[in-house]
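Chains D and Y, in that order, are what the protein sequence lines are.
All you need for my numbering is the position in the first sequence, starting with 1, plus 5.
All you need for my numbering is the position in the second sequence, starting with 1, plus 22.
Think of the CB as a built atom: it goes at the ideal place given N, C-alpha and C, for glycine as much as any other residue.
Please read all numbers here as calculations on a predicted model, not as lab measurements.
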Amino acid sequence: MKRAVITVIALFTLATAGYPDATLRVGTNPLAYPLSFQLADNLQRYVPIAAGLEYGFNVSVGYQRNPRLAWEARLALGSVHQLAFLSQIHGGLCWFPFDRNVYGGLFCKVWDFYNKQTEVHFFNTAPYLSVGYRFDIGRFYIDTRLNQTFAVLSWSSLEHTRPGIGWFLSPWPGFIPILPTFTCTVGWSF
Amino acid sequence: MKRILVFLLLFPLMVSCGSKDTIIQSLYDISGAPLVYDDSGATKTLHVAAVCMCCSKDKADNLTNMEAMIDLIVADHSEIDLIVFGETILGWYYDPADPQVYQWGLAEQIPDSPPYDTAVARIATKADTHNIHVVFGMGELDGGQLYNTQVLLAPDGTVQAKHRKVHLIDTDEAGGFTPALRSAADALSLTITDINGIHAAMLICADVSDYWLATEINERGVDLIIHSLASFEPAFTIDAVSRQFNAWEIFANRCGQEADTDYAGNCYIADPAGTVRAGGEGAQRYEYTIVRVY
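Written out as structure tokens, the structure reads:
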């Protein structure tokens, strides 16, 4: 326990330590936009995996105060189909062990799957790990990453329900036991 | 330029996949940890079984198999109220050799009252003998058309309700089936009935993806979805259909090899939170639970 607390404090100190080239990044995941529209059935089924399971309008904000660590937050809002609207926020930390391009990340996302017809919310929060590479092209950047969730806590506004918790490597383990997703973010650095 | 960019980025917030007929369920529909649904205070109960049956190409074999499954379930659970079989369970779901000839050969007329043709008559006798409800799928001949129909037999052996599949897929069309009309006034396409005071909607396989039908059912609100399928998909952790309607779901399916298709035998009963109460995949069997409704 002590070790975990010290590690968190150390990471926090590193992430907030002063750095003359501190950078703010604002980006978006372009693949998520078409998912809120009517696509061919198979595109609607499979493209979300390549869009990090983000739907519709989305924005990511990253802040790098030193070369090793960056904070990042993401927001995505969109319809997953005619009956459900999805809101999700992510927050986490990226660690750059070698240079400013290759990184590993630890994130937590919270999503609300809202059934618009029954007006029931299904809330979930899941930690996930990422590995990625960021291409810096002047002030423009393209960030590519693989994400893998590993656990989930769920609760709902439906009457008579209590929260559930479990390991979560794939939404459909009977079909694919482990399902990483891919996210591509394009944006600008300030 | 900036305004145009902002508009394009925000535009997806203003749309909701339109009113396209087909709902493509997402991975989010089946994501999350199973929730605990506390039905201890429920006032209405229904003892139900979902049958996963491996079908022969021969109709007589399947009828004998269905009768044996009904007898087995009643012997194991004398309190059983409702037994549900899969879609077009009198034969293979799809015979690639000659799909239309095969499906027309299996089909029967389903009059609203006796005398019934072979399949309905035999299963109706079982329903009457055991004093239970039985649901099963079969091809129905009516007015020179072939429908993919689900029959609900009452405990006295009469037809309580029929549902005709609205949302056909390509293999249904290849088999020569005609879709039911999308009409809220037609009890054959929007079929909602009461079983022991529990409000139940009847669906056949891809009907669940039909936006019109889903909307009509949700507007009325039901306690239970009686869902007969022919699905080869493996088991789910979370039931998307229960969450679509926030109702109990009986997911009765088939198993085994039929020509090139291998049915995994995914069959279950889920509560309104989408948590599977009884289920799994594999060989021929039944899943049993008590549906409790507030």
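Please report the distance separating the alpha-carbon of Pro-102(D) from that of Val-125(D).
Pro-102(D) and Val-125(D) have their C-alpha atoms some 43 Å from each other.
Ends of the beta strand (DSSP E) at Gln-1(Y)?
Here chain Y covers residues 23 to 316 and nothing more, so residue 1(Y) does not appear.
Within a Cβ cutoff of 6 Å, which residues of the same chain sit near Thr-186(D), ignoring the five residues on either side of it in sequence?
Taken in chain order, the residues that qualify are Ile-54, Gly-57, Leu-58 and Asn-152.
Cα separation between Ser-38(Y) and Asp-117(D)?
Only weak support is given to the placement of Ser-38(Y): the predicted model assigns it a pLDDT of 42, under 50, and the question is left unresolved by the model.
Which residues in chain D sit within 8 Å of Val-58(Y), going by Cβ to Cβ distance?
Near Val-58(Y) (Cβ distances below 8 Å), the residues of chain D are Thr-166, Arg-167, Pro-168 and Gly-169.
Does the count of Cβ pairs from the stretch 87-95 of chain Y and the stretch 152-161 of chain D closer than 8 Å reach three?
Result no; under three Cβ-Cβ pairs closer than 8 Å.
The alpha helix (DSSP H) spanning Val-157(D) covers which residue range?
Counting along the chain, Val-157(D) falls outside any alpha helix (DSSP H), though it belongs to the beta strand (DSSP E) covering 156-161.
Could you check the C-alpha separation between Asn-106(D) and Gly-97(D) for me, to the nearest Å?
Those two C-alpha atoms are separated by around 17 Å.
Beta-carbon separation of Glu-309(Y) and Ala-300(Y) under 8 Å?
For Glu-309(Y) and Ala-300(Y), yes; Cβs fall inside 8 Å.
Pairwise C-alpha distance: Phe-62(D) and Thr-188(D)
If I take the Cα positions, the gap works out to 14 Å.
If we ignore side chains and look at the alpha-carbon of each, how far apart do Phe-90(D) and Lys-114(D) end up?
So the alpha carbons of these two residues sit roughly 16 Å apart.
Mind checking Arg-307(Y): buried by the 16 CB within 10 Å criterion, or exposed?
Arg-307(Y) is buried by the Cβ-count criterion.
Integer-rounded CB distance, given that Cys-277(Y) should sit under 8 Å from Tyr-285(Y):
At roughly 5 Å, the Cβ-Cβ gap stays under 8 Å, so Tyr-285(Y) and Cys-277(Y) are in contact.
Listed by chain order, chain D residues near Arg-265(Y) by CB distance under 7 Å
Ordered by position in chain D, the residues that pass the 7 Å Cβ test against Arg-265(Y) are Asn-120 and Phe-127.
Quick one: what's Cys-76(Y) bridged to in DSSP?
Looking at the DSSP assignment, Cys-76(Y) forms a beta bridge with Cys-277(Y).
Starting from Cys-41(D), trace the beta strand (DSSP E) in both directions and tell me its first and last residue.
For the sequence presented, residue 41(D) should be read as Ser rather than Cys. Segment: none, Ser-41(D) is in no beta strand (DSSP E) and carries neither H nor E.
Cβ-Cβ separation, Gln-49(D) to Leu-88(D) (assumed contact under 8 Å), whole Å:
Rounded, the Cβ-Cβ distance is 13 Å, inconsistent with contact.
Checking contacts by CB at 8 Å: is Pro-177(Y) closer than that to chain D?
Answer no: the Cβ-Cβ gap between Pro-177(Y) and chain D never drops below 8 Å.
Which listed residue (Cys-77(Y), Asp-83(Y) and Ala-207(Y)) has its alpha carbon closest to that of Leu-235(Y)
Of the listed residues, the one whose Cα sits closest to Leu-235(Y) is Ala-207(Y).
What's the C-alpha gap between Pro-318(Y) and Leu-168(Y)?
Because chain Y is modelled from 23 through 316, residue 318(Y) falls outside the range shown and cannot be assessed.
Among the residues of its own chain, which have a CB less than 6 Å from the CB of Lys-66(Y), if the five just before and after it don't count?
Within the same chain, and ignoring the five residues on either side of Lys-66(Y) in sequence, the residues whose Cβ sits closer than 6 Å to its Cβ are Gly-219, Ile-220 and Val-315.
Chain D beta carbons: is any one of them nearer than 8 Å to that of Leu-49(Y)?
Flagged as an interface residue toward chain D: Leu-49(Y), by a C-beta distance shorter than 8 Å.
Considering Pro-132(D), what are the terminal residues of the beta strand (DSSP E) in which it resides?
Its beta strand (DSSP E) spans residues 125-142.
Considering only their Cβ atoms, is the gap separating Val-73(Y) from Phe-107(Y) smaller than 8 Å?
Yes, the Cβ-Cβ distance between Phe-107(Y) and Val-73(Y) is below 8 Å.
Is Val-37(Y) close to chain D, meaning its C-beta is less than 8 Å from at least one C-beta of that chain?
Because the pLDDT at Val-37(Y) is just 46, under 50, the model does not fix this residue reliably, and the value given afterwards should be weighed accordingly. So, interface residue.
Is there at least one Cβ from chain D nearer than 8 Å to Phe-254(Y)'s Cβ?
Under the Cβ criterion of 8 Å, Phe-254(Y) is not counted among the residues facing chain D.
Quick one: which chain Y residues come within Cβ less than 7 Å of Val-85(D)?
Near Val-85(D) (Cβ distances below 7 Å), the residues of chain Y are Ser-48 and Tyr-50.
Please report whether the beta-carbon of Asp-61(Y) lies at a distance below 8 Å from any beta-carbon of chain D.
Interface residue, yes.
Within a Cβ cutoff of 6 Å, which residues of the same chain sit near Val-66(D), ignoring the five residues on either side of it in sequence?
Answer for Val-66(D): Val-31 and Ala-78, listed in chain order.
Per DSSP, cross-strand counterpart(s) of Leu-184(D):
Leu-184(D) pairs with nothing; no bridge assigned.
Counting only the same chain and skipping the five closest in sequence on each side, list residues whose C-beta sits under 6 Å from that of Ala-22(Y).
The structure shown does not extend to residue 22(Y), since chain Y spans only 23 to 316, so no value can be given for it.
DSSP state of Phe-118(D), grouped into three classes?
Phe-118(D): strand per DSSP, three-state reduction.
Using the Cβ count rule (16 or more neighbours within 10 Å means buried), how would you classify Gln-131(Y)?
Looking at its Cβ environment, which holds fewer than 16 other Cβ atoms inside 10 Å, Gln-131(Y) is exposed.
Based on Cα-Cα distance, which residue from Gln-279(Y), Gly-159(Y), Thr-283(Y) and Ile-95(Y) lies nearest to His-69(Y)?
Distances from the CA of His-69(Y) to each of Gln-279(Y), Gly-159(Y), Thr-283(Y) and Ile-95(Y) were compared; the closest alpha carbon is that of Ile-95(Y).
Distance between Leu-174(D) and Arg-167(D) (C-alpha atoms, nearest Å)
Arg-167(D) and Leu-174(D): Cα-Cα distance of roughly 22 Å.
I'd like the span of the alpha helix (DSSP H) that includes Trp-234(Y), first residue to last.
In this chain, the alpha helix (DSSP H) harbouring Trp-234(Y) covers 233-242.
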